[in-house]
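Structure record follows, encoded as structure tokens.
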Amino acid sequence: MTMVLTEAQNLLKDTARDFIQSKAPVAALRQLREYYKDLPEGSCNAAAIELGYSQELWEQMSELGWAGIVIPEAYGGLEFGYQGLGVVLEECGRTLAASPLFATVALGAGCIQEIGSDEQKQTLLPKVAEGRTTLALALEEHPRHTPTRIATCAEATDDGYTLKGFKTFVLDGHCADQLVVVARTSGGIEESEGISLFLVDANAPGVRRSRTAMLDSRNVARIVFDNVRLKSEALIGMEGQGYPALETVLDRARILLAAEMLGGVQECFERTIEYLKEREQFGTKIGSFQALQHRAAKMLTEVELSQAAVMAALSALDENSSNARLLASLVKARLNDTFELITNEAVQMHGGMGVTDELDIGLFLKRARVTMQILGDSSYHRDRYASLSGY
Amino acid sequence: MDFNDTPSEAKFRAQVRAWLKQHATPKINGVAAKRKLPEAQQLQAAKHWQKKIYDAGWACITWPKAYGGRGGTQMELVIWREEVADYDELDGFFTIGHGMCGPALMAYATEEQKRHLLPRLASGEDVWCQLFSEPGAGSDVAALKTRADPCGNGWKVNGQKVWTSGAHFADYGIVLCRTDPTVPKHQGITFFFIDMKQEGVTAQPIKQADGGAHFNEVFFNDAEIPDIQRLGEVGGGWKGALTVLMSERMAVGSLQATGFPELLSLVQRLPLEDGFAIDNAAVADKLADWYVKHAGLKHTNSRILSAISRGAPPGPEASIGKLVAAPMNQDINSYAVQLLGMNGMVTDPELAEKQAHFQKEMLFAPGIRLAGGTDEVMRNIIAEQVLGMPQDKRDDKDVPFNEVPVGV
Ligand SMILES: Cc1cc2nc3c(=O)[nH]c(=O)nc-3n(C[C@H](O)[C@H](O)[C@H](O)COP(=O)(O)OP(=O)(O)OC[C@H]3O[C@@H](n4cnc5c(N)ncnc54)[C@H](O)[C@@H]3O)c2cc1C
Ligand SMILES: Cc1cc2nc3c(=O)[nH]c(=O)nc-3n(C[C@H](O)[C@H](O)[C@H](O)COP(=O)(O)OP(=O)(O)OC[C@H]3O[C@@H](n4cnc5c(N)ncnc54)[C@H](O)[C@@H]3O)c2cc1C
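Protein chains in written order, with the numbering used here: chain C, 1 to 391; chain S, 1 to 408.
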């Protein structure tokens, strides 16, 4: 397990920081929020797509190669590994930079990479790496993360399938070009057996999408599949055998999301420590009060443990370690808890300023609450960690 | 220690219940819908309700009848609050006025002022605000800089306050000003009340992270206050302020919601992966833990009030109520939102379940841990005043205010 970044990874981190800080500071999210606020909810079609991120930023990120960081060279990517994508997402987390990077690369392309046919990889991955195609994973059907509880079904037809059902809270699904849809081809509602993955054109007849802006000003889609006709080539991997691959992709995504959360944690923590050293009450810096010092020290220990866990998990992915599954639950539960703690403490220690809209801390708190839910909350992952460990 | 109503208290409770049942709006599924209205409509509804209870003789239960109150006991006030909490009625607009400004007027205003102003405050005709905090004086409120300089028959006020709840619609405010910068900070402060609609007073709402804008920056620009509106001695403002803050403790401490009843009502109905949330062992464990605290808090308040009803002055113990309830309220609402999953991340009241009740509470809760003295200030009060521990070293305390070194 490598617990330090290589020179090349460090270089990437520095580039990412410079780029994100100048091109997508927190102020950029505020601008998006003001703009999207005025658009009617639910409006979403190919002609009038509201992205929820800046297309220009996404193009620039793709030019830097970020969309292809984990895609093999053979398919036009950089093959730079998960630690590389992790440091980029961490920097994005520091400014709450909104982009389709996570949904497209970690979730959508992740499924193609994992079990797609060579033809699917050839046609899709180079376009993803260039930033020309965006993807989303249409998985959840319930407000709480339950990846096996799939009712959406794909019924076999002469030349393919008919897809019926609906998905909800699909991250950036309102504007993705292609959807990876998790559907049942056999088996009962809770079974992992019988789950298949399909590649579906987001604008195919029978696909209806509507957008909802969440607490963190990012967008999710509710998607209805009304007898959508699919060719047999739409199937990704083997029929009914999609779940193990899906779980692997979800674990990677959990770890990558934790890396983004770590960026938010660090930013809030650093800003709070700075404030403690700057704000004066009773003729002295408030950071001189031991009541606050001890809590700052406690926060540091949590931040450090979280950082170490994220690094361990990312390197487990790059080393293809069998431990990655366990680490994914560990790291997601830990970052959920740490992000909640740090954002709560940040607000409290900023006093009245902390509850204003003007201070960025509130935006981090909102992002924290949403990321805590995505791909499993702490109780989900504690439970999963225990089951995987056999207790 | 009286945990149960005495016969006369029980009789009072029955009267209150009967009246409320006939006149108050019930909650639906434990949720108070009026709190989701736009602020202007809320204020109107609150004033309407206040007038109604005033006319029926339930307003400001502990205040003397001559000043618009009921002439009742603290215990009766608690009973009223417990009972009215089950209904969808608004009283938050008057918490500061009734809890802090009223008592300040009773302690320091002239008889004529009291007879004129207090009934208007009790009936909801006037709304009052509290102008203590400043950008540089929050926890250290005694470091305030807003000046009041003698001028003709009164004072001329210049400076800035911040976080003033309700200043944008308030009719009057109680304000602390520095009248003598050459003495140590606690000794140079004077207490006044001021007409918020007068010239030289401007309120500028501050947008909160939860989307509301209930508090304000308030600017004083040569705002004149007649000397008759001085509350207490010149230079005696800190003592007055502490009296008011202690009243606030009683007003807010025993009032502060824990969020427990709403959580209970949620988990009884909320389906999780394997049945209703309340049947989940982990949820039940949390619930029991919070119930213990919730009940403990209720009994602690009763104990304090029993002491008060026997004539003891409200002590610093009252800080316990806020210190327990406010963080608990934050935890409970965070947990509720978490149980709701991604549904808890939708804040549009048109789309979200229960009109986004828990989402809003979750975002508002951190402010309650700060308003009226932060958790940390409450803990300092308990350590220093209840436990008698030596006070933190404070270098600025005995130095004339204008000689305290200024930092950032
Ligand atoms: C929703 C809301 C409504 C409010 N309404 C009003 C109002 O109507 N009128 C009014 O006058 N004010 C009002 N306030 C202001 C409130 O009283 C102050 O915010 C509060 O006293 C803290 O002051 P501050 O914001 O300057 O934070 P600071 O005092 O700067 O505190 C920053 C942090 O340092 C901590 N700290 C400070 N001193 C110490 C110490 N000695 N030991 C340990 N920790 C310490 C604080 O607890 C906090 O965590 C309101 C505030 C809020 C959030
Ligand atoms: C929003 C808010 C709410 C608060 N609520 C409460 C509360 O409910 N109960 C409570 O007890 N305190 C309350 N306080 C006051 C709090 O205890 C202190 O303000 C805080 O701990 C900071 O300490 P300090 O040095 O300013 O005041 P303190 O720790 O109170 O010290 C004041 C010092 O000044 C001296 N002093 C007091 N009065 C005078 C006077 N008239 N003239 C000269 N010297 C004087 C005292 O002897 C003492 O040495 C609250 C403060 C804030 C900001």
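Here a beta-carbon is modelled for each residue, glycine too, at the ideal position from N, C-alpha and C. If you're wondering where the values come from, they're calculated on a predicted model, not measured in any experiment.
- The distance from the Cβ of residue 386(C) to that of residue 310(C) is about 21 Å, inconsistent with a contact at the 8 Å cut-off.
- Residue burial annotation: residue 198(S) is exposed, with fewer than 16 other C-beta atoms found within 10 angstroms of its C-beta.
- Between residue 9(C) and residue 128(C), the gap from beta carbon to beta carbon reaches 8 Å or more.
- Put simply, the segment 331-346 of chain C does not touch the segment 68-83 of chain C. Fewer than three CB pairs are less than 8 Å apart.
- Short note on residue 133(S): C-beta closer than 7 Å to some heavy atom of ligand 1.
- Per DSSP, the beta-bridge partners of residue 162(C) are 155(C) and 229(C).
- In the DSSP assignment, residue 209(S) falls outside any alpha helix (DSSP H) and carries neither an H nor an E.
- Under a 10 Å Cβ-count criterion, residue 109(S) is classified as buried, with 16 or more other Cβ atoms of the shown protein chains found around its own Cβ.
- Taking C-beta atoms as the reference points, residue 317(C) and residue 308(C) fail to come closer than 8 Å.
- Distances from the CA of residue 65(C) to each of 72(C), 78(C), 312(C) and 215(C) were compared; the closest alpha carbon is that of 78(C).
- When the beta-carbon positions are compared, residue 293(S) and residue 328(S) come within less than 8 Å of each other.
- With a threshold of 16 other beta carbon atoms within 10 Å, residue 298(C) falls short and is exposed.
- Close to chain S, meaning a Cβ-Cβ distance shorter than 8 Å, are the following residues of the segment 325-351 of chain C: 340, 344, 347, 348 and 351.
- With a cut-off of 8 Å on Cβ pairs, the segment 239-246 of chain C is in contact with the segment 193-204 of chain C, counting three or more such pairs.
- At a cut-off of 8 Å between C-beta atoms, residue 215(C) counts as an interface residue with respect to chain S.
- Shortest gap from the CB of residue 348(C) to any heavy atom of ligand 1: under 7 Å.
- Contact residues of the segment 100-131 of chain S toward chain C are absent (C-beta to C-beta distance below 7 Å).
- Cα atoms of residue 226(S) and residue 179(S): separation of roughly 14 Å, rounded to the nearest angstrom.
- No Cβ of chain C is located within less than 8 Å of the beta carbon of residue 184(S).
- The beta carbon of residue 59(S) lies closer than 6 Å to those of 53 and 122 in the same chain, with the five residues before and after it left out.
- Within the chosen limit of 7 Å, ligand 1 reaches the beta carbon of residue 376(S) through at least one heavy atom.
- Between the beta-carbon of residue 112(C) and that of residue 125(C) there is about 6 Å, and that keeps the pair under the 8 Å contact cut.
- Rounded to whole angstroms, residue 117(S) and residue 97(C) show a C-alpha spacing of 53 Å.
- 330(C) is the residue among 257(C), 28(C), 281(C) and 330(C) whose C-alpha sits nearest the C-alpha of residue 384(C).
- Annotation: the continuous alpha helix (DSSP H) that includes residue 318(C) extends over 290-318.
- Residue 146(C) and residue 28(S) have their C-alpha atoms some 30 Å from each other.
- By the criterion of a C-beta distance shorter than 7 Å, residue 29(C) is surrounded in its chain by 96, 98, 217 and 363, once the five residues flanking it on both sides are discounted.
- Listed in chain order, the non-local C-beta contacts of residue 212(S) below 8 Å within the same chain comprise 39 and 364, local neighbours out to five positions each way being set aside.
- Residues of the segment 12-34 of chain C whose Cβ lies closer than 8 Å to any Cβ of chain S: none.
- Leaving aside the five residues that flank residue 186(C) on each side, the residues in its chain whose CB is nearer than 6 Å to its CB run, in chain order, 194 and 240.
- By the beta-carbon neighbour count (other beta carbons within 10 angstroms, threshold 16), residue 157(S) is buried.
- Look at residue 275(S) here: in three-state DSSP terms it is strand.
- Taking 7 Å as the upper bound on Cβ-Cβ separation, chain S lies near residues 373, 377 and 379 of the segment 373-384 of chain C.
- The beta-carbon distance between residue 232(C) and residue 159(C), rounded to whole angstroms, is 6 Å. This is short enough to meet the 8 Å contact definition.
- Counting other Cβ atoms within 10 Å of its Cβ, residue 177(C) reaches 16 or more and is therefore classed as buried.
- When the beta-carbon positions are compared, residue 372(S) and residue 144(C) stay at least 8 Å from each other.
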